[in-house]
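In what follows, a single structure is set out as structure tokens and then discussed.
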Amino acid sequence: MLRGEASPEEVALGFTRHTPVVVTCGPAGLNASVKGVGLVPKEGLVADLARLLRSELEGGVTRGRAIRLLLERVYRREVLDLTKLSSIELAKGHTWANVQRRPKATLLFYTPPSVSYEVRCRVEVHLKGPYWEFVNTVHDLFHGGRPSGRWGERPVYIFKVVEIYDNSPS
Numbered sequence: 056m057l058r059g060e061a062s063p064e065e066v067a068l069g070f071t072r073h074t075p076v077v078v079t080c081g082p083a084g085l086n087a088s089v090k091g092v093g094l095v096p097k098e099g100l101v102a103d104l105a106r107l108l109r110s111e112l113e114g115g116v117t118r119g120r121a122i123r124l125l126l127e128r129v130y131r132r133e134v135l136d137l138t139k140l141s142s143i144e145l146a147k148g149h150t151w152a153n154v155q156r157r158p159k160a161t162l163l164f165y166t167p168p169s170v171s172y173e174v175r176c177r178v179e180v181h182l183k184g185p186y187w188e189f190v191n192t193v194h195d196l197f198h199g200g201r202p203s204g205r206w207g208e209r210p211v212y213i214f215k216v217v218e219i220y221d222n223s224p225s
């Protein structure tokens, strides 16, 4: 990606891996909402990486530098906790109402024409702490490289993977 080796079509298709449908059920009824989802570091690494990334963010960083930093320091197999996914709640609508009362969700990943995975999860809501700081920092690094100033309004979901189903047609 940094070297420009992916075509625009490959990049667009790749984003379907970042934007699953998050399905919840609760007081707001059955709900399905497309949300950006990301990976998080292992629990013992998340606080230090959050501080490092926040320092970079507050110092001002180009988008290229931000992506390079994420690829070099965060998105490595030995760093990531592959049992957890994350998202930021930007709207506080139906998903928010549902997970407050019933902290379960199914994430449906679909990549055309036929790849489909269902990821069933328990949901934790973070209003502060290392996961909250890490996920908000990564979001702001990726979307412009500057602090948005809206973190207090943005809770973070940590989706703890319980089951994964390959629903692709065989």
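Counting with the working numbering, you get residues 56 to 225 for the letters of the sequence shown.
We treat Cβ as the ideally placed atom computed from N, Cα and C, and that holds for glycine.
The model shown is predicted, which means the values in this text are computed figures rather than measured ones.
Contact check, residue i vs residue j, beta carbons under 7 angstroms
i	j	result
V216	C176	yes
T79	A160	yes
V180	S142	no
A105	N153	no
S225	S171	no
K112	L196	Correcting the residue type first, residue 112 is Leu in the shown sequence and not Lys. It is a contact, given that the beta carbons lie within the stated cut-off.
E144	Y220	no
N-terminal and C-terminal residue of the alpha helix (DSSP H) that residue i is part of
i	result
R109	E98 to G114
A121	R118 to L124
T74	Counting along the chain, T74 falls outside any alpha helix (DSSP H), and DSSP gives it neither H nor E.
E54	Coverage of the chain is limited to positions 56 through 225, which leaves residue 54 absent and any answer about it impossible.
Nearest-angstrom Cβ-Cβ length linking residue i and residue j, presumed shorter than 8 angstroms
i	j	result
K90	V101	Contact flag wrong, Cβ pair sits at about 20 angstroms.
T192	R109	5 angstroms
P96	L124	P96 to L124, Cβ: 13 angstroms. No contact.
V107	R128	Before going on, a small fix: residue 107 reads as Leu here, not Val. With 8 angstroms as the limit, L107 and R128 qualify as a contact, their Cβ atoms being about 7 angstroms apart.
Extent of the continuous beta strand (DSSP E) run through residue i
i	result
L137	L135 to I143
N222	Here N222 belongs to no beta strand (DSSP E), and DSSP marks it neither H nor E.
A146	Neither: A146 is in no beta strand (DSSP E) and is coded neither H nor E.
DSSP three-state assignment for residue i, whether helix, strand or coil
i	result
R157	coil
L94	strand
E179	strand
M56	With a pLDDT of 49 at M56, under the threshold of 50, the modelled position of that residue is not reliable, and the figure given next carries that caveat. If DSSP states are grouped into helix, strand and coil, M56 belongs with coil.
Y130	coil
A152	helix
L85	coil
### Query
Are the stretch 145-162 and the stretch 113-132 touching by the rule of at least three beta carbon pairs closer than 8 angstroms?
no
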